[in-house]
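Read left to right, the sequence shown gives residues 1 to 156 (UniProt numbering). Glycine included, every Cβ here is placed at the ideal spot set by N, Cα and C.
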Amino acid sequence: MTADQYIPDEKDLSILRLLQKDAKMSVRDISARINLSPTPTHERIKRMEKLGIIKEYTTVLDRKKVNKGMMVICMIALNVHNKKMAGQFIEEVGKLKEVVEFYNISGDFDFMLKILAPNMDEFHEFFVNKLSEIEGIGQTKSIFVMNSIKESGQIL
1 MTADQYIPDE KDLSILRLLQ KDAKMSVRDI SARINLSPTP THERIKRMEK
51 LGIIKEYTTV LDRKKVNKGM MVICMIALNV HNKKMAGQFI EEVGKLKEVV
101 EFYNISGDFD FMLKILAPNM DEFHEFFVNK LSEIEGIGQT KSIFVMNSIK
151 ESGQIL
């Protein structure tokens, strides 16, 4: 079975909802909440990991408390639209630790980046010395986030 063929049942969806809220929750606690014994609960989790439905377990940090208080959404349009240029751009941006999210989008721009920096000076340094040095950028638009209203990785 592949992830494309997999259709989660209600028990699997319940497991996924619980793990999204608390990835450290034990199999025993999950099984008690979904009324299933620990062994089949563990087997379901392992199957969803193997299929790539559960991609990873992570820790959500308060970005301000780890000196990444400035969030910038940067829209980028390439000046040449071909597979080679896009591939090179994707490879180079993928190496930048300041870029925490990276999307290929449609519309007036080709890519959207979520960038975290300690402050405006550090963002400027990053933008001038790293991002703008990547070949193929035709146009950029930076949007400075004033306040986060809702941030969630939960999709169920």
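For the region 63-74 against the region 111-129, do three or more pairs of beta-carbon atoms, one drawn from each stretch, fall closer than 8 Å, so that the two count as touching? yes
Does DSSP classify Thr140 as helix, strand or coil? strand
What's the gap between the Cα of Val99 and the Cα of Val93? 7 Å
Beta-carbon gap between Gly138 and Ala77 smaller than 7 Å: yes
Could you name the residues of the same chain whose beta carbon sits closer than 8 Å to that of Arg33, not counting the 5 residues immediately before and after it, in chain order? Ser14, Leu18
DSSP on Gly112, reduced to helix/strand/coil? A small fix is needed here, since residue 112 is Met in this sequence, not Gly. Note: Met112 maps to strand in three-state DSSP.
Let me check one thing: in DSSP terms, what residues is Phe102 bridge-paired to? Leu113
Where does Ile45 land, buried or exposed, given buried means 16+ other C-beta within 10 angstroms? buried
Rounded straight-line distance, which links the Cα of Gly153 to that of Thr39: 27 Å
Start and end residues, alpha helix (DSSP H) containing Ala32: 27-34
Residues near Ala23 by beta carbon distance below 6 Å, same chain, minus five either side: Tyr57
Minimum C-alpha distance to Thr140 - residue among Asp12, Lys55, Asn79, Ile54: Asn79
Taking a contact to mean a Cβ-Cβ separation below 7 Å, would you say Ile143 touches Ile73 in this structure? yes
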